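Take a look at the structure below.
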Amino acid sequence: MAMTSSTKARAASSNHTHGYLNRVAHAIFTPLGIDKRHSTNIRSIMHTMTRPDQARAPWYLLSLRPANNHAALRRAVARYGGGLIALSPWRLKRLDSPETRSALASALTASTLVFTSPEAVRAAHALQTLRASPGQVWLCVGASTARMLQQCGITRVLHPTQMNSEGLLTLLAQQPPTEVGLITAPGGRDLLQQKLLENGIRLHRANVYERQPLRLRTATLDVLQRNATRSMLALSSAEALALLLPQWPDNLRRILYQRPVIATSKRLEDLACARGFISVYRTTGPLPRQLAATAAAFRPDKTAQ
633 MAMTSSTKAR AASSNHTHGY LNRVAHAIFT PLGIDKRHST NIRSIMHTMT
683 RPDQARAPWY LLSLRPANNH AALRRAVARY GGGLIALSPW RLKRLDSPET
733 RSALASALTA STLVFTSPEA VRAAHALQTL RASPGQVWLC VGASTARMLQ
783 QCGITRVLHP TQMNSEGLLT LLAQQPPTEV GLITAPGGRD LLQQKLLENG
833 IRLHRANVYE RQPLRLRTAT LDVLQRNATR SMLALSSAEA LALLLPQWPD
883 NLRRILYQRP VIATSKRLED LACARGFISV YRTTGPLPRQ LAATAAAFRP
933 DKTAQ
């Protein structure tokens, strides 16, 4: 059926309004860590606006996870009545070049394999189907990475109880390997590579994804400024903190240095103290539920009572 000119005009106006609202929603929700794909139309936007963790929560956890990787932590924090403000210092981008594929193929031949993150597993599996060879030992830093490897068909995966580089090094020391295939990204986990090389272990490194730095948006800083006194920082990466701190204005930095920090390791706890944060607490691990539980125990509205 042909459209009349008035029908076309109404349709064009509706499309224009719909697009405008989506742009407005994106500008509002991105600083709060709500993925754009979750706000594709006005109904989903209105639903998101009514979520309890975004409606002026009594306390907020500042997340330094990569862009579009905040959902699990947001849900965990919401169970304790808190909200989440996403301060992504980077986005993740998978690498695919002849050099990357060659490095990965070489790394996967090692007798012991180490994957440093779930994204390392996803990126590697996209380049080459992961298959365990007889006698090969598959290790990773934490439980989330182990689950990802199992989803790819690797049934026997080991990870340390202390889910960080220090814990993995302790696990490796129990039966020191002669060679390790390290599947990771540039930067981060440098302590792991350094210690492996110091111990005379032959290393085959494959960088299968990279972290692309992001600038904090003005809208994100505005949200942070309004909620700074009710916020606390989740710290699981030294590199993420190094990218973030220079982007905080001086007045905001003075406030946030007084707010609690939840660190996932002794090394990061010491780093936060050295950087000038006053109250630093260590969580039992880097999983969202662990971070959220520790944050809830020291949340600003509770400790102020």
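When you line the sequence shown up against the working numbering, it's residues 633 to 937, in that order. Backbone N, C-alpha and C fix where the C-beta goes; we use that ideal spot for every residue, glycine too. Note that the coordinates shown come from a computational prediction; the quantities given were computed from them, not determined experimentally.
Here the alpha carbons of residue 809 and residue 835 stand approximately 10 Å from one another.
Separation of residue 769 and residue 763 (C-alpha to C-alpha, rounded to the nearest whole angstrom) is 12 Å.
Per DSSP, residue 859 is one residue of the alpha helix (DSSP H) stretching across 850-859. Under the three-state reduction of DSSP, residue 799 is assigned to helix.
When secondary structure is reduced to three states using DSSP, residue 867 falls in the strand class. In summary, residue 729 is exposed, with fewer than 16 beta-carbon neighbours lying within 10 Å of its beta-carbon over all protein chains present. Considered as a whole, the stretch 776-840 harbours 811-816 and 834-839 as its complete beta strand (DSSP E) runs of no fewer than 3 residues, in chain order.
The residue among 795, 759, 724 and 857 with its C-alpha nearest the C-alpha of residue 735 is 759. Looking at the DSSP output, residue 844 bridges to 723. Annotated as proximal: residue 894 and residue 927, with beta-carbon spacing under 7 Å. Between the stretch 700-717 and the stretch 914-927 there are three or more C-beta pairs closer than 8 Å, enough to call the two in contact.
Contact between the stretch 766-784 and the stretch 738-748 is established, with three or more Cβ pairs separated by less than 8 Å.
In this structure, residue 726 and residue 841 form a Cβ contact; the two beta carbons are roughly 5 Å apart against a cut-off of 8 Å. Shown here, residue 732 sits in a helix according to DSSP, grouped into three states. Here the C-alpha atom of residue 873 lies approximately 26 Å from the C-alpha atom of residue 830. Of the candidates 839, 782 and 931, 839 places its Cα closest to the Cα of residue 818.
Between residue 739 and the set 807, 833, 813 and 751, the nearest pair of CA atoms involves 813. Following the DSSP letters along the chain, one finds residue 895 inside the beta strand (DSSP E) bounded by residues 893-895.
An exposed status is given to residue 765, since fewer than 16 other beta-carbon atoms sit within 10 Å of its beta-carbon.
Residues 896 and 918 of the same chain have their beta carbon placed closer than 6 Å to that of residue 868, with the five preceding and five following residues left out of the count.
Out of 870, 694, 863 and 786, the CA that lies nearest to the CA of residue 754 is found in 786. In this chain, residue 910 is not harboured by any alpha helix (DSSP H), its DSSP state being neither H nor E. For residue 796, the number of other beta carbons within 10 angstroms of its own is at least 16, and it is reported as buried.
Excluding the 5 residues flanking it on each side, residue 723 has same chain C-beta neighbours closer than 8 Å at 698, 699, 700, 843, 844 and 846, in chain order. Rounded to whole angstroms, the separation of the alpha carbons of residue 860 and residue 884 is 7 Å. The closest CA to that of residue 855, considering only 713, 719 and 702, is found on 719. Bridge pairing for residue 745: 770 and 813 [DSSP].
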